[in-house]
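In my numbering, the protein residues as written are 1 to 207.
Glycine included, every Cβ here is placed at the ideal spot set by N, Cα and C.
Quick caveat, the model's predicted, so the values are computed rather than measured.
Heads up: the structure comes next, in structure tokens.
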Amino acid sequence: MKKSRYLFVIIQFLFALIPQIWIYLFITKMGCSFTYGLSAFFAAVILINLYLAIYFFEQITAIKLTIRGIHLKQLLYYTFLAVGLKILFGLLAYWAGYTTPDNEEAIQGLLGEMPKVIFTLFAVISGPILEELAARGFIMGYIFKQHKPLGFLVSVVLFTTLHRPTSLGQVLIYLGPSIAFCWIYYASDRLEYSIAAHVINNLLVLL
Numbered sequence: 001m002k003k004s005r006y007l008f009v010i011i012q013f014l015f016a017l018i019p020q021i022w023i024y025l026f027i028t029k030m031g032c033s034f035t036y037g038l039s040a041f042f043a044a045v046i047l048i049n050l051y052l053a054i055y056f057f058e059q060i061t062a063i064k065l066t067i068r069g070i071h072l073k074q075l076l077y078y079t080f081l082a083v084g085l086k087i088l089f090g091l092l093a094y095w096a097g098y099t100t101p102d103n104e105e106a107i108q109g110l111l112g113e114m115p116k117v118i119f120t121l122f123a124v125i126s127g128p129i130l131e132e133l134a135a136r137g138f139i140m141g142y143i144f145k146q147h148k149p150l151g152f153l154v155s156v157v158l159f160t161t162l163h164r165p166t167s168l169g170q171v172l173i174y175l176g177p178s179i180a181f182c183w184i185y186y187a188s189d190r191l192e193y194s195i196a197a198h199v200i201n202n203l204l205v206l207l
């Protein structure tokens, strides 16, 4: 049973990587430009992948995503918490000698090439949802359901590590949001709140 749980987590993270792999192959390796046809193709890949990821997540974990019972006041509170921790750890990161990670430079490069609609689907909607399903939903809500403090720690470490930081400053820049999203899920026991806070956080970065 434990092996199958770990397998499900790996599969979920693969779902998170699929859009990135397609974009990397077509744009970086093949040098394709974003025509209307290719943009529509990427939009379809992102949306279908997101639908399948949510479907399998709900089937495996029995955690159903819904907006019922979501309160705006709580959502704003959690969002301010996430933004506040991001700013705090961002200041600590710059104090520690923060330099822009390679993955952020790559994202900034893609932003100049991608249509804004595709980039928004990719970085603001699909990315945060898939990351929350894997890092918070599967790890904290499924694998470590009976040991959430341990799941909290594992999720923070995994989420931060997967962004491939190479310096203390880069670790700190991802550590703040990671702690915030984990705490939101831990405190609310609702994955929808951490997803919403993550989406809003990425949207603010894009703006």
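- Under the Cβ criterion (8 Å, minimum of three pairs), the region 41-53 does not count as touching the region 164-172.
- Fewer than three beta-carbon pairs drawn from the region 138-154 and the region 65-76 are found closer than 8 Å, and the two stretches are therefore not classed as touching.
- When K116, I184 and P149 are compared, the shortest CA-CA separation from L206 is found for K116.
- Shown here, L191 sits in a helix according to DSSP, grouped into three states.
- Counting along the chain, the unbroken alpha helix (DSSP H) around S155 starts and ends at K148 to L162.
- Distance between G97 and Y174, taken at the CA atoms: about 14 Å.
- Residue state for L207 is assigned as coil, using DSSP reduced to three classes.
- Assignment of P115 by DSSP, reduced to helix, strand and coil, places it in the coil class.
- One Cα belongs to L85, the other to H198, and the distance between them is close to 12 Å.
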